[in-house]
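Protein sequence lines correspond, in order, to chains A and B.
This note's numbering applies: residue 1 is where the first sequence begins, and numbers increase by one.
This note's numbering applies: residue 357 is where the second sequence begins, and numbers increase by one.
Note that the Cβ used here is the ideal one computed from N, Cα and C, for glycine as well.
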Amino acid sequence: MCGTTSIRARNHSINSSFGGTLVFLLAGLALLLLSLSAAISVGAVPVPLSTVWGVLLNELSPGLIDRTWSKGHAAIVWEIRFPRALLATMVGAGLAMVGATLQAVTRNPLADPHLLGISSGGAFGAILALLHSGLFIGLLTVPLLAFLGALGATALVLGVSRFAGGAASAGRLVLAGVAVSFIVMAGANLLIFLGDPRATHTVVFWMLGGLGLAQWDQLIYPLTILLCCGAWLILRARELNAMTLGDETASTLGIPVARFRLAVFAVGALITGVMVAFSGIIGFVGLMVPHVVRMLVGGDYLRVLPGSALAGAAFLLWADIAARTVMAPEDMPIGIVTGLVGGVFFVWLLGQKQHI
Amino acid sequence: MPEALGISRADCMAGGHRPCTAATLSVQDLSWSPGRGRETLLHTTSFALEAGRVLGIVGPNGAGKTTLLRLLYRFHRPTAGRVLIDGEDIWTLSARSVAQRVAAVLQEQPSDFSLTAGEIVTLGRTPHRRGFTGAAGAHDKGTCNKNSRDKDIVDAALDRLVLHGLADRHLGTLSGGERQRVMVARALAQEPRLLILDEPTNHLDIRHQLEVLALIRDLPLTIVTSLHDLNLASGVCDAVLLLQSGRPIGFGRPSAVLSEAAVSAAFHVDARRERLTPSNADHLVFHLREKGTPP
C-alpha cells in the first residue's frame, strides 16, 4: 500500500474515508441480503428463511441439499417471490442512483427521476398499450411501449431545452422537463378519456406502481441496463462532485459541463425508462434515498452512488413487504407505501436539516 | 522571466514538488457577443501580461468584467480574437489541459450536497487525474505515488489558507469568508500557472479582505482579478485594465490608468486623488455629481 511520504501525517477526509466507505458498503450489502431474504420469506404464505436459501441453492446446483420443503413452497419462492424481490432491488437501486445524479447535475435537491418528464412518457406508452393498441407482442407489450414512451419524452425534453436556448443550463433542463411532463401527461389523460372506461382501472394500478408482474425471463432487461448505466455513473463520481460546485467552476476543472449534463440525463432516462416499464411509477425513492444516504456517508459521489443503490434497493424491498402484508392477501400498490413513508420521512428530514 | 521580477519561484505552494511556473497571458483582439445579432458585450480588447504579474480588471457594473474573465477561463468561446497562455491559444487546447494551467475562483455559490472542505479542495486535482477516482482517490499500487503526491498538494493548499482545522467540516456549516478560502485552496490545488479571481473581496470583512490581498501579492502566479474597490486595485495590482460599456479605456500602471479624469468619466462620479496623512499614500475619493452636470 501507499507509503506515507507526507511529512505531516494528517487525518482528514482524504485518508480516513476509505475504511469508513468499506464499512458502509459491507453494512449496506448485509442489509440488502437480509431485506432480500425477508422479502422472499414474508407473505400470505410464510416461508422459513432456511427454505428460501435452500430453494435458491437447489436451483443453482440441483441436488446440493436435501429437499425439506414442499413443491408448493418451492414454486412460491422460486417462481413468484424471487423475481419480484429481485425486480424491487433493481428498481430501488436504479431510481435512487438516477435521483442522486440528477440532483448533482441540476444542482437541485428536489430533482427526481420522475420530475423530468421521463415517467410521463412511460405512462403514455403504457396507457397506449393497455387501452388502445392491445397486447400485440404479449406480456412484453406494456413494458416495451412504456420504455419507448419514456425515451420519446426524454428526446422531447432535450429538444425543447436546446430549442429554448442553446446549451442546456441546469435550470432550463428542469423547466423543459416540467413543461414536457405536463404536455405528455395531457396526452396520456386524453388516451384514458378516449379509452374503454371499464379498462381504466388497470391504468390506475399501473400508474400507482407494482412489482407483481415480475418474471424471471424479463429481469434480464432491467439488470443489463442497471449494470451498464450504473457503472457508467459511478465511473463519473468525480465529475458529479465537481458539478455540485457550479457550472462555471466545474468547467474550469476541465469538465465539458453542458455535454456531461446531457449525457447523465440520457443515461438516467435509460435507467428510469426501463424501471418504469416493468414496475409502473414508483415515486419518492429517487428523491428521498440520496438525501438520507448523504446524511450517512457524506457528499462524495463515489460513496453516494453505491450507497444510494443499496439503500434504494433495501427501501423498496421493505416497501414491497409492507404493500403485500398491510392488506393481505390483497397487494396494495407500492406507490402508496413509498409516497406515504417518503413524504412523512421528508417532513421529519426538513425539521432535522434546516439548510436543504 | 521570474528572475526579472526579483521574486524567488524555486519553491511553490505545493511543497516544491515541481518548480512552479507562472504563465504569460496575451489577449489579442478579443471580442464576444452572446449570439448572432445580439449586443456585443466585449469589444475588441488586447493586452499582454508578463508571467507573475497581477492584473486588476476594474470598471462600473455591466462594463464587461465578468465577460472578459469568462473568456480567459475558457467558459465563453471568443466571437473574435484569441487568448494565449504561454503562447498557446486556449481553444486549440482541450478543456482539461487548460484546466491544468488556469484555475478560477468565482462568485458562484456551490450547492450544499454535504461535501466537506477537504473534499472540495481535493476536487482541484480533477484535471490532473484520470479514470476511476472519487474524492477519496484510488487504492492500487500503480496510482500510489500520484495519490500521495495529490494528497501533499491538497495538504499544502489547506495549510496555505489555514484550513486544516476545517477540512472535515461540511461547506454549508462554514462562514462566507471560510467558504471563500476553501474555493481559493481548491484553485491552488489545481496547481495553475494563471489564477483568475472574480471579485475575491466581495462580502468579506476587512481582515479577510486584507488576507486575500496579501495572498494575491504572495502567490508566485500570474493573477487576473476583477475588483470593485479602485484603491485596493491600486495597492495590489501591477497593472489595471479599465473597462466601460464593454470597451477597454485604459491599460497600464494603476496610477496612470486610474487618473481622476478617467475614473470620473468611467463611473460617472467626481473622483479626486488625495494624499493620506500620515501614510503619505494616494487615495481616490468619490462624490456624486451635482444634478445637471454634463457627463
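7 angstroms Cβ shell around residue i - same chain, five flanking residues per side excluded
i: Asp196 (chain A); result: Leu131
i: Ser620 (chain B); result: Asp626, Ala627
i: Leu586 (chain B); result: Val414, Leu614, Val619, Leu640
i: Ala104 (chain A); result: Leu240, Met243, Thr244, Tyr301
i: Glu616 (chain B); result: Ala627, Arg628, Arg629
i: Cys229 (chain A); result: Val267, Leu270, Ile271
Nearest-angstrom Cα separation, counted from residue j out to residue i
i: Ile127 (chain A); j: Gly92 (chain A); result: 23 angstroms
i: Ser61 (chain A); j: Pro143 (chain A); result: 31 angstroms
i: Gly121 (chain A); j: Ile572 (chain B); result: 53 angstroms
i: Gly20 (chain A); j: Lys507 (chain B); result: 18 angstroms
i: Ile183 (chain A); j: Phe205 (chain A); result: 22 angstroms
i: Leu598 (chain B); j: Ala637 (chain B); result: 21 angstroms
i: Leu405 (chain B); j: Leu424 (chain B); result: 14 angstroms
i: Leu361 (chain A); j: Ala155 (chain A); result: This structure gives no information on residue 361 (chain A), because the portion of chain A shown stretches from 1 to 356.
i: Leu57 (chain A); j: Ser50 (chain A); result: 11 angstroms
i: Thr89 (chain A); j: Arg107 (chain A); result: 27 angstroms
i: Asp300 (chain A); j: Trp232 (chain A); result: 16 angstroms
i: Asn189 (chain A); j: Ala123 (chain A); result: 10 angstroms
i: Thr325 (chain A); j: Gly210 (chain A); result: 14 angstroms
i: Ser389 (chain B); j: Ala436 (chain B); result: 9 angstroms
i: Thr244 (chain A); j: Leu102 (chain A); result: 11 angstroms
i: Leu219 (chain A); j: Leu86 (chain A); result: 8 angstroms
i: Leu397 (chain B); j: Ala419 (chain B); result: 8 angstroms
i: Leu517 (chain B); j: Val180 (chain A); result: 46 angstroms
i: Gly371 (chain B); j: Arg609 (chain B); result: Reliability of the predicted coordinates at Gly371 (chain B) is poor, the pLDDT of 40 falling under 50, and the value obtained from them is presented with this limitation in mind. Their backbone Cα atoms lie some 32 angstroms apart in a straight line.
i: Pro357 (chain A); j: Gly280 (chain A); result: In the structure as shown, chain A starts at 1 and stops at 356, and residue 357 (chain A) therefore has no counterpart that could be examined.
i: Met288 (chain A); j: Asp247 (chain A); result: 24 angstroms
i: Thr338 (chain A); j: Ala199 (chain A); result: 25 angstroms
i: Leu34 (chain A); j: Ser531 (chain B); result: 43 angstroms
i: Leu235 (chain A); j: Ala269 (chain A); result: 18 angstroms
i: Gly159 (chain A); j: Ala170 (chain A); result: 14 angstroms
i: Ile118 (chain A); j: Leu191 (chain A); result: 18 angstroms
i: Gln465 (chain B); j: Thr422 (chain B); result: 16 angstroms
i: Ala541 (chain B); j: Gly343 (chain A); result: 39 angstroms
i: Val55 (chain A); j: Gln536 (chain B); result: 59 angstroms
i: Val365 (chain A); j: Asp594 (chain B); result: With chain A covering 1 to 356 only, the question about residue 365 (chain A) has no answer from this structure.
Local Cβ density within 10 Å of residue i, reported as buried at 16 or more and exposed below that
i: Val45 (chain A); result: exposed
i: Arg631 (chain B); result: exposed
i: Gly238 (chain A); result: In the sequence on display, residue 238 (chain A) carries Arg and not Gly. It is buried - the Cβ of Arg238 (chain A) has at least 16 other Cβ atoms within 10 Å.
i: Trp354 (chain B); result: The requested residue 354 (chain B) does not occur in the structure, where chain B is confined to residues 357 to 651.
i: Gln546 (chain B); result: buried
i: Asp112 (chain A); result: buried
i: Pro308 (chain B); result: What is shown of chain B runs 357 to 651, which leaves residue 308 (chain B) out entirely.
i: Arg433 (chain B); result: exposed
i: Met327 (chain A); result: exposed
i: Asp511 (chain B); result: buried
i: His73 (chain A); result: buried
i: Leu29 (chain A); result: exposed
i: Asn417 (chain B); result: exposed
i: Ser41 (chain A); result: buried
8 angstroms CB neighbourhood of residue i in its chain, flanking five on each side removed
i: Gly212 (chain A); result: Arg84, Asp331
i: Thr472 (chain B); result: Ala523, Asp524, Arg525, His526, Leu527
i: Ala451 (chain B); result: Arg430
6 angstroms Cβ shell around residue i - same chain, five flanking residues per side excluded
i: His643 (chain B); result: Asp626
i: Gly533 (chain B); result: Leu560, His564
i: Met185 (chain A); result: Ser120
i: Gly125 (chain A); result: Leu145, Ala146, Leu148, Gly149
i: Leu360 (chain A); result: Missing from the structure shown is residue 360 (chain A); chain A here goes from 1 to 356 and no further.
i: His399 (chain B); result: Ser387, Gly602, Arg603
i: Ala311 (chain A); result: Val289, Val293
Self-check item: Under 8 angstroms (Cβ pairs) to chain B, residues found in the stretch 288 to 303 of chain A
Solution: Of all residues in the stretch 288 to 303 of chain A, only Arg294, Met295, Gly298, Gly299, Asp300, Tyr301, Leu302, Arg303 come within less than 8 angstroms of chain B when Cβ atoms are compared, listed by chain position.
Self-check item: chain B contacts from the stretch 102 to 126 of chain A (Cβ-Cβ distance under 9 angstroms)
Solution: Listed by position along the chain: Gln103, Ala104, Arg107, Asn108, Pro109.
Quiz item: What residues in the stretch 585 to 615 of chain B have a beta carbon less than 7 angstroms from any beta carbon of chain A?
Solution: Residues are counted here when their Cβ sits less than 7 angstroms from a Cβ of chain A; for the stretch 585 to 615 of chain B the count is zero.
Quiz prompt | Contacting positions in the stretch 227 to 239 of chain A - beta carbon closer than 9 angstroms to chain B | solution = Of all residues in the stretch 227 to 239 of chain A, only Ile234, Leu235, Ala237, Arg238, Glu239 come within less than 9 angstroms of chain B when Cβ atoms are compared, listed by chain position.
Quiz item: Can you find at least 3 beta carbon pairs, one from the stretch 58 to 75 of chain A and one from the stretch 259 to 271 of chain A, that sit closer than 8 angstroms?
Solution: In short, these stretches do not touch, since the Cβ pair count stays below three.
Practice problem: Could you name the residues of the stretch 25 to 44 of chain A whose beta carbon sits closer than 9 angstroms to any beta carbon of chain B, in the order they occur along the chain? | Solution: Listed in sequence order: no entries.
Exercise. Could you tell me whether the stretch 546 to 557 of chain B touches the stretch 573 to 580 of chain B, using the rule of 3 or more Cβ pairs below 8 angstroms?
Key: By the criterion of at least three beta-carbon pairs nearer than 8 angstroms, the stretch 546 to 557 of chain B is in contact with the stretch 573 to 580 of chain B.
Self-check item: Against chain B: residues of the stretch 242 to 263 of chain A by CB proximity under 8 angstroms
Solution: If the cut-off is 8 angstroms between Cβ atoms, the stretch 242 to 263 of chain A has Ala242, Thr244, Leu245, Gly246, Asp247, Glu248, Thr249, Ser251, Thr252, Leu253, Gly254, Ile255, Pro256 near chain B.
Practice problem: Select from the stretch 454 to 473 of chain B all residues with a C-beta closer than 8 angstroms to any C-beta belonging to chain A, and list them in chain order. | Solution: Those residues of the stretch 454 to 473 of chain B that come within reach of chain A (Cβ to Cβ, closer than 8 angstroms) are Val454, Ala455, Gln456, Val458, Ala459, Ala460, Leu462, Glu464, Gln465, Pro466, Ser467, Asp468, Phe469, Ser470, Leu471, Thr472.
Quiz prompt | the stretch 529 to 561 of chain B: positions lying closer than 7 angstroms to chain A by Cβ | solution = For the stretch 529 to 561 of chain B, no residue has a beta-carbon sitting nearer than 7 angstroms to a beta-carbon of chain A.
Self-check item: Contacting positions in the stretch 430 to 453 of chain B - beta carbon closer than 9 angstroms to chain A
Solution: Listed in sequence order: Arg430, Phe431, Ser450, Ala451, Arg452, Ser453.
Practice problem: Quick one: which residues of the stretch 476 to 487 of chain B get their C-beta closer than 8 angstroms to a C-beta of chain A? List them in chain order. | Solution: So the list reads Ile476, Thr478, Leu479, Gly480, Thr482, Pro483, Arg485, Gly487, given in the order they occur along the chain.
Self-check item: Three CB pairs or more closer than 8 angstroms across the stretch 245 to 258 of chain A and the stretch 267 to 280 of chain A
Solution: Contact fails: fewer than three Cβ-Cβ distances are below 8 angstroms.
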